[in-house]
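**Q** Just passing along the structure, written as structure tokens.
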Amino acid sequence: MATYIILAALVLLCAAAGYRYVKRLRSGGCCGGGGETPEKRVKVEDKNKAHYPYLATLKIDGMICSACARRVENALNRLDGVWAQVDLERREANVRMKQEPDEKTLRDTVLAAGYTVMSVRRGA
């Protein structure tokens, strides 16, 4: 009898885990699940590349879905004089800046969003 109770508990546990897994897949990724509405994109007003003389490419660890990429992009785009575009496939953020880049600020901004900058490459 005890064997049947343990078996039933395991079946229920597996069913609950399977339900959560399917729900996560349907919601579009790891970070956007759980019934949360996806983070809205931060709009950059000035998209004239000529106004951004500085460029840095950040190699970022930990981004695994489009919600992760948007979170990083939004965090960087909230900085004054910054226009960032994230390439999830390459795990990179291309950051255009109006002023000389401050690597510490870029790293801290990405870290505050929950990710790690592995390297910073300056220039085109």
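Numbering (the working numbering), first residue to last: 430 to 553. Backbone N, C-alpha and C define an ideal beta-carbon position, used for all residues, glycine too. Values in this document were obtained by computation on a predicted structure and should not be read as measured data.
Taking only three categories from DSSP, how would you classify Ile435?
**A** Of the three classes helix, strand and coil, the one that applies to Ile435 here is helix, per DSSP.
**Q** Using a Cβ-Cβ distance under 8 Å, would Val473 count as near chain D?
**A** Absence of chain D from the displayed structure is noted, only one protein chain being present.
**Q** Where Thr545 and Val440 are concerned, what is the direct C-alpha to C-alpha distance, given to the nearest angstrom?
**A** In a straight line, the C-alpha of Thr545 is about 38 Å away from that of Val440.
**Q** Relative to the alpha-carbon of Glu474, which residue among Arg507, Arg551, Leu487, Arg550 has its alpha-carbon at the smallest distance?
**A** The option with the nearest alpha carbon to Glu474 is Arg507.
**Q** Quick check: does the Cβ of Glu502 come within less than 7 Å of any heavy atom belonging to the ligand PLP?
**A** Judged by which ligands are present, the structure shown has none, so any question about the ligand PLP falls away.
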